[in-house]
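4 protein chains.
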Amino acid sequence: MRSLGIGLIGTGFMGRAHALAFNNARAVFELPFNLTLAALADADTKRAQRCASAWGFAQAHGDWQQLIDNPHVDLVAITTPNHLHYPMAMAALAAGKAVYCEKPLATSLQQADAMRLAAYEAGVVTRVGYNYQHNPMIAMARQMIDAGELGQIISFQGEFSEDFMADPASPWSWRCEVEHAGGALADLGSHLLAMARYLVGDVSKVCADSQTVHAQRPASPGSTEWRSIAVDDQVHALLRFANGARGTVSSSWLKHGYKNHLSFEISGTHGTLAFDQERLNELRLFRAGEQGFQRLLAGPALPGYAAFSPAAGHQLGYNELKTLEVQELIMALAGQGAAGTDFEAAWEVERLATALRLAAREERWVNVSEI
Amino acid sequence: MRSLGIGLIGTGFMGRAHALAFNNARAVFELPFNLTLAALADADTKRAQRCASAWGFAQAHGDWQQLIDNPHVDLVAITTPNHLHYPMAMAALAAGKAVYCEKPLATSLQQADAMRLAAYEAGVVTRVGYNYQHNPMIAMARQMIDAGELGQIISFQGEFSEDFMADPASPWSWRCEVEHAGGALADLGSHLLAMARYLVGDVSKVCADSQTVHAQRPASPGSTEWRSIAVDDQVHALLRFANGARGTVSSSWLKHGYKNHLSFEISGTHGTLAFDQERLNELRLFRAGEQGFQRLLAGPALPGYAAFSPAAGHQLGYNELKTLEVQELIMALAGQGAAGTDFEAAWEVERLATALRLAAREERWVNVSEI
Amino acid sequence: MRSLGIGLIGTGFMGRAHALAFNNARAVFELPFNLTLAALADADTKRAQRCASAWGFAQAHGDWQQLIDNPHVDLVAITTPNHLHYPMAMAALAAGKAVYCEKPLATSLQQADAMRLAAYEAGVVTRVGYNYQHNPMIAMARQMIDAGELGQIISFQGEFSEDFMADPASPWSWRCEVEHAGGALADLGSHLLAMARYLVGDVSKVCADSQTVHAQRPASPGSTEWRSIAVDDQVHALLRFANGARGTVSSSWLKHGYKNHLSFEISGTHGTLAFDQERLNELRLFRAGEQGFQRLLAGPALPGYAAFSPAAGHQLGYNELKTLEVQELIMALAGQGAAGTDFEAAWEVERLATALRLAAREERWVNVSEI
Amino acid sequence: MRSLGIGLIGTGFMGRAHALAFNNARAVFELPFNLTLAALADADTKRAQRCASAWGFAQAHGDWQQLIDNPHVDLVAITTPNHLHYPMAMAALAAGKAVYCEKPLATSLQQADAMRLAAYEAGVVTRVGYNYQHNPMIAMARQMIDAGELGQIISFQGEFSEDFMADPASPWSWRCEVEHAGGALADLGSHLLAMARYLVGDVSKVCADSQTVHAQRPASPGSTEWRSIAVDDQVHALLRFANGARGTVSSSWLKHGYKNHLSFEISGTHGTLAFDQERLNELRLFRAGEQGFQRLLAGPALPGYAAFSPAAGHQLGYNELKTLEVQELIMALAGQGAAGTDFEAAWEVERLATALRLAAREERWVNVSEI
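Here the protein sequences line up with chains A, B, C and D, keeping their order. The opening position of the first sequence corresponds to residue 83 in the working numbering, with each subsequent residue numbered one higher. The opening position of the second sequence corresponds to residue 83 in the working numbering, with each subsequent residue numbered one higher. The opening position of the third sequence corresponds to residue 83 in the working numbering, with each subsequent residue numbered one higher. The opening position of the fourth sequence corresponds to residue 83 in the working numbering, with each subsequent residue numbered one higher.
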């Protein structure tokens, strides 16, 4: 069996999530590769070494370029702050290595565009971490839609709201910077746009309204110094899909009570389907002709679930979605399957977000093809 | 105690609902009038007589003008098809009588404008049957908002969806006619717009997208003859409120699984509030600083509920909302209270719906003041 | 059409509920009688007169025996405190009149036994106000069970909990007196036992555990005088049904958060059905072979619902269950239908509650036939 | 740092769950040991080798006694069929090794008793895999109860139902054998009894009713040969706790629609708390004086959650409960903490189950101290 060496850049929460996912994918799935954790990089060399040891990586690097150049590294996983995605991914692609990058792809559409072109020219497998799509319940939703079980799709109504910035005293962070692709739309909304595209297809035209409710925030927790905020706190938008469906999307990081409320309802001529990430093991489904909405609970009829549990109702957690993302990436590297969001698809998400921003700024409908 | 004679026009479902509501209001509340059921009118005189007897009305008329002219009638209640609201209300106002008209106020904005001016000149009490607002839970929501318990309101996201036209074989009806103020926006959406205005206030600017999904329907149940449909099956829109809040509204009569899904979430700087008419005795509330959403259940702390039951959890039904609407109308007639939607406010709802239609037709943001 | 004169004793909350129900039954249903509100009795003659006028009764009596003797009264409705049910019902039966009595039938099993025998000898229609059974959703549940849609019934798990006595400072009331058939089992649990019998059938054997948690309560609101409490605050029991099903019932008036939590799950070899009175317009249903529980929402396919609304999702309220109870009583008086709980069935409920009390006192299984 | 060598016996679903849990515990937590996966045993040597390689164990054994004797093994984890728990655990204890055994502790109370005594004499740390207790939401429930936030606990109502045997054609399996501690009570109910004891405390007296609904099942899937079934399909019971609380427990593997319905409501003098394993990241809580039940969602304020995710709403899955169980076991091995179910506590669960069986067989109340 061929070997596949993983190089991971970044040791924060998302770095550890990747490390767990690679470890667990190896234990849970029959993979077409002999997976090795080849190298871990962090600008703090000591931390790189400590985490490499704890997480099972063979080598540690203080310089990410060294990790990319490491001949044992076949796949470069990038979990650093957003503005580093571009240089790291470009360097990995230049080295002909497969890339697995956290979302957002980049902090500007120009960068995203360059990255997808570089990926195309490198001819390697790329993936971006839109992990919510790897939920077996979402896979099931996609299959039902593709199989026509909901009929023709006529509406998508989605919302991704959280409340971590709801308190006006929640301080400024890099998430509040335009140049780091900040704001509720970029941070949360992009997951929702990716989901809408994944389930319903291309969006052709949009209108949007965005708002900065709290125009100043403390510079740091408890600080009396205030910083101006330029990014949006909430966005509401109208979508027209290429297939004729219509819909709304909303995103807010000010909505009290919600912690991970990536939710949607999809209405078709034969049924309605609803999902809320705060109950990620469930779908609500109404089939035309039935008497009421059904609550479906994840179970081993779904392959992605069966990998983790032989019994329904045991429930998967967020980290297992990441393991599933990794497994699908590895299958793609073996030429077995095309699931997941590659750089091309991730660029489409950024393009759509850009169209929403333009529509909001100019207070008009925007054709996505304008972008 | 002064007497108040009720004259009711129409004997359909809504006519009976009015009859029940007047009867029950009399039994349940201490009213400031001696309420009498003076007269009932229906074009079918026999039916008028039969219903008058069953429902307790003193007289029956086959001609609605006679009912208006009947000296025992002080208040004219109109429950006829939409296109008759205008001539009947105008005649009642001309006769100096108070008017209680079912929604929509009229089938064109011009008529609605004439009606609110006539009401103003007549100087009488008018009300339009936006019954969902009379739910004690909605009264509670309004009070919480007015008292600042949610802080500054920053978003309203509302939806009114049902599925009674979801089957493409659901036949054409008067609800499908533009000239009867048909379509999902007019039939369902107007309730939602009235609710948004009632709870959050004036809307200043809108953008909208409407769609006729099924452009033809059978002329009658089971018919092989098809009629073209010009009204909307679904509408999605963006709202900007005068107070700075933003939001979305959606309305559809194609959404499988929903029967009376007038729902909304209101987000403020101190909390979030949610409601669904399919569970009309409940509110979901999150207060900043608390750990989770609370499910509030209607109880006798709310006066409108206490009138019907001394114990929480017993639940009110739709017809009791109508009784509460009638009670509030009667209090207004006695000069005690201004709750409810008068012709002026109902015209504002029609104006807002007209702004949505213009925005959808011209694919642009529309200032409501343009209308 | 024959006339039917109603005589109502009692003007409290339940008296008014009866008055509303008779009025509304007349307006909503095509009844086989010409229904007249003949007489209203209250020990306070002034109050009797005032209420008779407000509620539409032709006559008022200060003495309930006069009401029973009133030749215009065909049906005597009893809504007085529990200890008066026995003398009033016995007098009405002696006068050969039909009787509609609030629950519980009596305050002792001996009285209940005498009443059912007197009813049997009088040969008149009797009914006891177990109103929750008249919910169209419960009628639907019964029909599904009778039609075998759940297969063989194997378990019933029921609970009726409220929290109106949860505060130890909630004062003593007549509900705390043994001689008024007080306690959580009698006050709440009897509704649950009646429901279990209605849906699953006779109970043959029981074991039970009852407890008085707060053995003293203030003599009146805010009082510093304490009264001893002898009745149960909570009861838990095991049931064996004659048809082989097993189950549990629990009743508490100390359970914080519940307002009207009459709930049950019925499990059969082909499916599971669940209900909660706090959402009286819904049923949860799982059919063998399906993927998840369905939430069924009351709609006009159910005759009891259609009488009040032509559209699903509008919801009935508690008072409409009372109207349905009255309608079924009137149909029974016309010899059209046997729905509802007559004195015989109500005695069976009291007998079952007595068996539970004996089982709890003696800490053993009790055959209901012992009682 | 001291090293800790893990020896795992069994390679089925639960074996893999242990392997994942040890791996993840090492990556997620700062452990007080240098954890090594020393050896894996399976009667099928080839399988042992294959799994050892996939899961990262240093050695593979075809004979479990060899694993116990392996000097690199400090802790023996047992995930084999129930009847092997006894000989393996006794051998491990005899070798002076710590033992981590899946539930149930044994297949008879005599064995369980011998095991707890052997553990006592060996003086080593023991744990039994009642994994549901390690949910951070359950830890929170326990803390709230211990802190008196619910006041005095007055009732526990619990149910553990699934539907994997609901189809009468579901075949016989070892779960149907008395000598393997089979039946709904042993298989599911023991989790519930452990939970009741963990949250409310010792149970002093019980009454129970158990039933075999399907007395024969196919010998294997699709077989026409039938085998008699002696174990219970459903059990209902009454509990009295030593602290005065009362309650019910029910367990069924015939209840259609439920997949992992380990649920309970705990009622105290200051509030009510509810949980359902099918939504393991949630608690429903009513605090006296509040208006409604709150839905609490797991978040990083809970240490067991924070280990896996820095953000609320991300949700843990079943496998992470196992990782938490392993972490608590390892802390106990380091003398830091006593959380979890040791052999003594697991014997108490078996004793309680035995009391329920006796009560059911003899149809009487049983003092647990009789057993």
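Think of the CB as a built atom: it goes at the ideal place given N, C-alpha and C, for glycine as much as any other residue. These figures come from a predicted structure and were not determined experimentally.
Cβ-Cβ distances below 6 Å link Glu241 (chain D) to Ser332 and Ser345 in the same chain, with the five nearest sequence neighbours on each side left out; the list follows chain order. The beta carbon of Leu384 (chain A) sits no closer than 8 Å to any beta carbon of chain C. A buried status is given to Ser349 (chain D), since no fewer than 16 other beta-carbon atoms sit within 10 Å of its beta-carbon. Contact between the segment 406-426 of chain D and the segment 403-423 of chain C is absent: fewer than three C-beta pairs spanning the two stretches fall below 8 Å. At a cut-off of 8 Å between C-beta atoms, Leu336 (chain B) counts as an interface residue with respect to chain A. If one requires a minimum length of 4 residues, the alpha helix (DSSP H) runs lying completely within the segment 230-282 of chain A are 272-282, in chain order. With a cutoff of 8 Å on beta-carbon distance, Leu365 (chain B) and Leu378 (chain B) are scored as near each other.
In this structure, DSSP gives Ser391 (chain C) a state outside helix and strand, which the three-state scheme calls coil.
Residues of chain C whose Cβ lies closer than 7 Å to the Cβ of Glu445 (chain D) are, in chain order, Trp447. Taking Arg257 (chain B) as reference, the option from B:Gly304, B:Ser391 and B:Arg309 with the minimal CA-CA separation is B:Arg309. Not a single C-beta of chain D is nearer than 8 Å to the C-beta of Pro169 (chain C). Taking 8 Å as the cut-off, the Cβ atoms of Gly138 (chain B) and Leu119 (chain B) count as close. Around Gln373 (chain D), the beta-carbon contacts reaching into chain B at under 7 Å are Gln376 and Leu378.
Per the Cβ contact rule, the segment 96-107 of chain C is not in contact with the segment 436-453 of chain B (fewer than 3 Cβ pairs under 8 Å). The beta-carbon of Arg439 (chain D) is placed no less than 8 Å from the nearest beta-carbon of chain C. In the three-state reduction of the DSSP assignment, Thr436 (chain D) falls in the helix class. Not one beta carbon of chain D lies nearer than 8 Å to the beta carbon of His216 (chain C). For Asp195 (chain C), the enclosing alpha helix (DSSP H) stretches over residues Leu191 to Ala204. Of all residues in the segment 94-122 of chain D, the ones placed with a Cβ closer than 8 Å to any Cβ belonging to chain A are Phe95, Arg98, Ala101, Leu102, Asn105, Asn106, Arg108, Ala109 and Val110, in chain order. Annotated three-state conformation of Trp308 (chain D) is strand, per DSSP. As summarised for the segment 316-388 of chain C, the continuous beta strand (DSSP E) elements at least 3 residues long and confined to that stretch are 316-323, 328-334, 343-350, 353-358, 364-369 and 374-379, given in chain order. Rounded to whole angstroms, the gap between the alpha carbons of Gly386 (chain C) and Thr405 (chain C) is 10 Å. By the neighbour-count definition (other C-beta atoms within 10 Å, threshold 16), Asp124 (chain B) is a buried residue. Contact of Asn342 (chain C) with chain B by beta-carbon distance below 9 Å involves Leu379, Ala393, Ala394, Gly395, His396 and Gln397. The Cβ-Cβ distance between Gly381 (chain C) and Gly371 (chain C) does not fall below 8 Å. Here Gln192 (chain B) is exposed, its C-beta having fewer than 16 other C-beta atoms within 10 Å.
Judged by DSSP secondary structure, His167 (chain C) falls within the alpha helix (DSSP H) whose first and last residues are His167 to Ala176. If you draw a straight line from the Cα of Leu90 (chain A) to the Cα of Ala159 (chain A), it comes to about 5 Å. Annotation for His273 (chain B): Lys185, Tyr212, Tyr214, Phe242 and Leu344 place their beta carbon closer than 8 Å to its own, counting only its chain and skipping 5 residues before and after. Residue-level contact by beta carbon holds for Tyr400 (chain D) and chain A, with a gap shorter than 8 Å. With three or more CB-CB distances shorter than 8 Å, the segment 261-271 of chain A counts as touching the segment 313-332 of chain A. For Val295 (chain A), the chain B residues whose Cβ falls inside 7 Å of its Cβ are Ile236, in order along the chain. In the displayed model, Lys287 (chain A) falls within a strand according to three-state DSSP.
For the alpha helix (DSSP H) assignment, the uninterrupted runs of no fewer than 4 residues enclosed by the segment 115-173 of chain D are, from N- to C-terminal side, 127-137 and 146-151. Annotated three-state conformation of Val431 (chain D) is helix, per DSSP. Rounded to the nearest whole angstrom, the CA to CA distance from Ile220 (chain B) to Ala324 (chain B) is 21 Å.
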